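This note's numbering numbers the first residue of the sequence shown as 16 and each following residue consecutively.
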Amino acid sequence: AEPSLPHTIEILKGLRDRYEAHHRVSITDEALVQAATLADRYISDRFLPDKAIDLIDEAGSRMRIRRMTAPPDLREFDEKIAGVRRDKESAIDSQDFEKAAS
């Protein structure tokens with residue numbers, strides 16, 4: 016049977032050191048609680064604790080990649096892409112689909 020949310024959080028705490036070492040990040044208790052809670056709520060095709068572990072692993076990977084230094088021009092390009100994404104999401108939220116499509 017799938018472990019409870021509190022049990023999943025304890026499992027994540029037990030695995031924390033491995034993921035911190037592997038991704039060279041620091042993982043807070045709150046991050047573990049949120050990973051378990053959000054995985055339980057929003058990921059329906061897998062079971063706890065696996066889906067919460069996957070979230071922690073994915074977040075650790077993203078943080079490690081983010082810390083890697085990118086050339087300034089590439090960082091500037093990434094910032095422009097992020098700005099365009101935010102603008103499109105904002106247009107969609109306000110149902111301005113013509114603006115979102117441009």
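The beta carbon of each residue, even a glycine, is placed where N, CA and C say it ideally should be. Just so we're clear, the structure is a prediction, and the values are computed from it rather than from any experiment.
Check	Outcome
Let me make sure I understand the geometry here. Which of R33, I42, D32 and I68 has the alpha-carbon closest to that of P18?	I68
Am I right that T52 and L20 are in contact with their C-beta atoms under 8 Å? What's the rounded C-beta distance?	7 Å
In this structure, how does DSSP classify Q110 when only helix, strand and coil are distinguished?	coil
Can you list, in chain order, the residues of its chain whose CB lies under 7 Å from that of A50, leaving out five sequence neighbours each side?	L27, A67, L70 and I71
Give the DSSP-derived three-state secondary structure of L92 in the structure shown.	Per the sequence shown, residue 92 should be read as Phe rather than Leu. Here F92 sits in helix by DSSP.
In or out: L119 buried (at least 16 other Cβ within 10 Å) or exposed?	It is not possible to answer for residue 119, since the shown part of the chain is limited to 16 through 117.
Taking the straight line between their C-alpha atoms, what separation do you get for Q110 and E104?	10 Å
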